[in-house]
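**Student:** My questions all concern the structure below.
In this note's numbering, the protein residues as written are 22 to 98.
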């Protein structure tokens, strides 16, 4: 299945500069949101949004054509 991915902030560095933080990934039919991080070799904690549903669990199932955004975790004080 094909998943549309958009990386934000420092996560954009996991794709070529020309991609501008966007990619279309071909993943197995039973893939989960967390598998995108593995596929892109991202070893950092992240917030994952699928089709505008923010903070989905890593085991959230994906479907063909899903729009996934990956954000860094913010902290402040």
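Built from N, CA and C at the ideal position, the CB exists for glycine as well.
Would you mind giving the Cβ-Cβ distance between residue 19 and residue 44, rounded to the nearest angstrom? I have them listed as a contact below 8 Å.
**Tutor:** The displayed coordinates of the chain run from 22 to 98. Any statement about residue 19 would go beyond what the structure contains.
**Student:** Under 7 Å between the Cβ atoms of residue 83 and residue 52?
**Tutor:** Yes, they are a contact pair.
**Student:** State the CB to CB distance for the pair residue 94 and residue 68, rounded to an integer number of angstroms; the pair is presumed to be in contact (CB under 8 Å).
**Tutor:** Their Cβ separation, rounded to whole angstroms, is 6 Å, which keeps residue 94 and residue 68 in contact under 8 Å.
**Student:** What's the gap between the Cα of residue 49 and the Cα of residue 33?
**Tutor:** Each residue's Cα considered, the two are about 23 Å apart.
**Student:** For residue 73, count the other beta carbons within 10 Å of its own beta carbon; 16 or more makes it buried, fewer makes it exposed. Which is it?
**Tutor:** Answer is exposed; the Cβ neighbour count stays below 16.
**Student:** Could you name the residues of the same chain whose beta carbon sits closer than 7 Å to that of residue 55, not counting the 5 residues immediately before and after it, in chain order?
**Tutor:** Taken in chain order, the residues that qualify are 79, 80.
**Student:** In whole angstroms, give me the CA-to-CA distance for residue 85 and residue 23.
**Tutor:** Between residue 85 and residue 23, the C-alpha separation is close to 5 Å.
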